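This report concerns only the one structure given below.
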Ligand SMILES: [Mg+2]
Ligand SMILES: [Mg+2]
Ligand SMILES: [Zn+2]
Ligand SMILES: [Zn+2]
Ligand SMILES: [Zn+2]
Ligand SMILES: [Zn+2]
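Chains as they are written, first to last, in my numbering: chain P, 1 to 429; chain V, 1 to 429.
Printed below as a string of structure tokens:
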């Protein structure tokens, strides 16, 4: 058990103060230390190691946000949603719940100042860019990379109730879907086809607009994605699901008195023609790989979505899929050492690993890789019918990295610190 | 906000592959990433930094244990108590709940194999040793450093119901209290005077035995501790409280519907003549400081004990006190760079930072340093009258270090890995 060698020389050898040429940022939405541990226990055992465990530099990252107010000093929100957290690393600045790469303001419906994102800065530097998620590609995490809007709900032109100023017909930048294709991200892969089937204010659907005005090639199945071999002349928009993509495992929902599956293991479910997150990540890397460098954000989105539903199998499966994407990113980094790879979450979540005899609260038990039972319980108010969703929590979360300037994730950092690290800090040596 | 410089050079400069001369291990019982974040928010603000945040090397540490069984392969316990976890870093080996520096066995009442501890190995190497806690000094965490017994409850000679084979009158090593003074730890400071007032099987109290047979000088107040200036001729036993030492803050117990204090802040409470954890730590370092080196374990014990009681103020205060002890240890390390300082917890716990509108579960709200409300909720079964205590949880926890071989806490490690690191690994360069 454990490791036998002093790691000092290995760590010294892994320090690279150069600015990164390329950056791959892999996010598990809601992936905190508790969920990583639960997935490790289930998938490889308590003493096993995930790919994301193996990055040489690691630290703790704070994820707090702001609340709307009169400003200029806004109240602190000790628990945040996925919009301000993704905006944090995307722009280097804090903002309020629901907001995408825009500053705080007096109310949720009042737009803040647009903040330029890492992805946009890479674009300006003439580098290629990619944005990949298992959620709707217009969901908060991927949206923050390349759109600016006061309310995350405004994903398509038919969803603009809280964002009237942003409507294109009002002279705004449009919905998240419109902004993503306007930004010209070279590789956009995920779910959310229904948003792109909505009519723009000008008439055609967002998808038609993406194809005819923004020159996007469109893929809707794993096979169609496989067939894409270059983004040199056309960026690619992959929409593999109407809404969020299908999770690896069927749901196991915690309930009062305890839930489990017939044999204690999570059941794989049919994902039809959808590509896996690893397949999307490998394709994105292949398409973006170029001597000038690229920025790629990859999200395992439904760790969070399953946790909200108290679905331990859904969350574990999504984390397993993200871990395979990490494995692919690390393989690329090994042959392209000028690439910085960062793996982290956006905020902590509800799942707690609890004793087997935990009792009354909503729990589920699975048989872990070691062959022994692991029980989880969920933070929740349990109020209402049905009980409210399990909620985000405010703990700092793990961040890990390898490659140029990866040392900047050690100790305790804030997620806004990733912004300068991904853009490349002035080398210290 | 955030840091502006690339940290690569600083981190490279902090790597020291030499074996440490001295080791100071500071433990917050139950101190996981969630509790660290809650204490930081309350004490210095969401963007503030605790002393324990500032150590240059950091990682995640797994804390699982074993369950009793036929062996040789024992079932995994994904949530552990303080006995096997402290035994893990003390001995480098896993064991079962309730057990102190002994291996697993078929039942809780059946002794396992004694495992030699880091403290004992330092003693054998002719170095000085110290063991400091705000709990009874016979409680699981300090006990594991220098005693070996099948059940942690066997703290004094009158508490041996589950440890009959260990009774001195049965030819055993005796209770934890007896073993601690038999081990000759040079500096033993904490609570638990009532255990030492118990009669040994031979007749005199443990305290009398400690003084007359084991040559201990005894201190019972901060002033008496102040007066101790050397352990060259007599080791020192400080017992400052009948049971656990008094917490910094009065209790704020979470309840259904939410609890708070009149002004939102935690109220300091009278601690009489008890020294603070920082005072005990500074005195221990002063007494142990010598060219040949020492091992010192310091525990902020009641982070855990307060969390069990859903007492957020108690837990925050105890973490603040530990953080001051960390500050003192770091100041010593700065002038004694051959000292390895490690700061971590033993296992995760129940406290979650939740949204303000969390609702029904047991919550408490305090006004954090930023001036804004922070709400916490607790894992618990809520069954029984009164409801069961909040429980330990199974998440990996933060570990941080500075000094020789501190790089060995980076990435993902198990708490048993600390054993070889504290003893000093073969330098890699
Ligand atoms: Mg997301
Ligand atoms: Mg303890
Ligand atoms: Zn999220
Ligand atoms: Zn969420
Ligand atoms: Zn403990
Ligand atoms: Zn405990």
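Just so it is clear, CB atoms sit at the ideal spot from N, CA and C, and this is done for glycine as well.
Computed from a prediction, not measured in an experiment: that's the story for all the values here.
Just checking: is the beta-carbon of residue i within a distance shorter than 7 Å of some beta-carbon in chain V?
| i | result |
| --- | --- |
| residue 11 of chain P | yes |
| residue 379 of chain P | yes |
| residue 405 of chain P | yes |
| residue 72 of chain P | no |
| residue 374 of chain P | yes |
| residue 152 of chain P | no |
| residue 84 of chain P | no |
| residue 355 of chain P | yes |
| residue 33 of chain P | yes |
| residue 265 of chain P | no |
| residue 338 of chain P | no |
| residue 428 of chain P | yes |
| residue 75 of chain P | yes |
| residue 398 of chain P | yes |
| residue 2 of chain P | yes |
| residue 394 of chain P | yes |
Please check the pair residue i and residue j, which I expect to be a contact at CB under 8 Å, by giving their CB distance rounded to whole angstroms.
| i | j | result |
| --- | --- | --- |
| residue 348 of chain V | residue 397 of chain V | 6 Å |
| residue 364 of chain P | residue 316 of chain P | Rounded, the Cβ-Cβ distance is 11 Å, inconsistent with contact. |
| residue 203 of chain V | residue 136 of chain V | Rounded, the Cβ-Cβ distance is 23 Å, inconsistent with contact. |
| residue 17 of chain V | residue 6 of chain P | 6 Å |
| residue 402 of chain V | residue 332 of chain V | Not confirmed; about 11 Å, so no contact. |
| residue 431 of chain P | residue 154 of chain P | This structure gives no information on residue 431 of chain P, because the portion of chain P shown stretches from 1 to 429. |
| residue 143 of chain V | residue 100 of chain V | 5 Å |
| residue 303 of chain P | residue 324 of chain P | Not confirmed; about 14 Å, so no contact. |
| residue 29 of chain V | residue 345 of chain V | 7 Å |
| residue 177 of chain V | residue 109 of chain V | Wrong, their Cβ atoms sit about 20 Å apart, outside the cutoff. |
| residue 274 of chain V | residue 241 of chain V | 6 Å |
| residue 376 of chain V | residue 254 of chain V | 7 Å |
Of all Cβ atoms in chain P, is any one closer than 7 Å to the Cβ of residue i?
| i | result |
| --- | --- |
| residue 8 of chain V | yes |
| residue 425 of chain V | yes |
| residue 460 of chain V | Nothing about residue 460 of chain V can be reported from this structure: the residues present for chain V run from 1 to 429 only. |
| residue 20 of chain V | no |
| residue 104 of chain V | no |
| residue 214 of chain V | no |
| residue 270 of chain V | no |
| residue 64 of chain V | yes |
| residue 27 of chain V | no |
| residue 60 of chain V | yes |
| residue 15 of chain V | yes |
| residue 91 of chain V | no |
| residue 227 of chain V | no |
| residue 24 of chain V | no |
| residue 179 of chain V | no |
| residue 46 of chain V | yes |
| residue 118 of chain V | no |
| residue 391 of chain V | yes |
| residue 30 of chain V | no |
From the DSSP output, which residues share a beta bridge with residue i?
| i | result |
| --- | --- |
| residue 311 of chain V | V/253 |
| residue 351 of chain P | P/378 |
| residue 509 of chain V | What the structure shows of chain V is the stretch from 1 to 429, and residue 509 of chain V is not part of that stretch, so it cannot be assessed. |
| residue 131 of chain P | P/188, P/297 |
| residue 228 of chain P | DSSP, once it has assigned bridges, lists no residue as partnering residue 228 of chain P. |
| residue 411 of chain P | P/59 |
| residue 362 of chain P | P/256 |
| residue 96 of chain P | P/66 |
| residue 114 of chain V | V/102 |
Does the beta-carbon of residue i, which I'm using as the reference point, lie nearer than 6 Å to any heavy atom of ligand 8?
| i | result |
| --- | --- |
| residue 145 of chain V | By its list of ligands, the structure shown excludes ligand 8, since it contains just ligand 1, ligand 2, ligand 3, ligand 4, ligand 5 and ligand 6. |
Distance cut 6 Å, beta-carbon to ligand 6 heavy atom: residue list by chain order: That gives V/30, V/82, V/304, V/308, V/392.
Segment contact flag, the stretch 222–239 of chain P with the stretch 257–268 of chain P, C-beta cutoff 8 Å, min 3 pairs: In short, these stretches do not touch, since the Cβ pair count stays below three.
Count the CB pairs spanning the stretch 280–291 of chain V and the stretch 342–361 of chain V that are closer than 8 Å, and state whether there are at least three. Fewer than three beta-carbon pairs drawn from the stretch 280–291 of chain V and the stretch 342–361 of chain V are found closer than 8 Å, and the two stretches are therefore not classed as touching.
Does the structure place the stretch 243–250 of chain P close enough to the stretch 362–378 of chain P that three or more beta carbon pairs sit under 8 Å? Contact between the stretch 362–378 of chain P and the stretch 243–250 of chain P is absent, because fewer than three Cβ pairs lie under 8 Å.
Counting pairs of Cβ atoms below 8 Å between the stretch 405–416 of chain P and the stretch 49–63 of chain P, do you hit three or more? Short answer: they touch.
Say whether the stretch 64–79 of chain P touches the stretch 132–151 of chain P, bearing in mind that this needs 3 or more beta-carbon pairs closer than 8 Å, one atom from each stretch. Judged by Cβ distances under 8 Å, the stretch 64–79 of chain P makes no contact with the stretch 132–151 of chain P, as fewer than three pairs qualify.
Taking contact to mean 3 or more Cβ pairs, one atom from each stretch, closer than 8 Å, check whether the stretch 204–214 of chain V and the stretch 180–192 of chain V are in contact. The stretch 204–214 of chain V is in contact with the stretch 180–192 of chain V.
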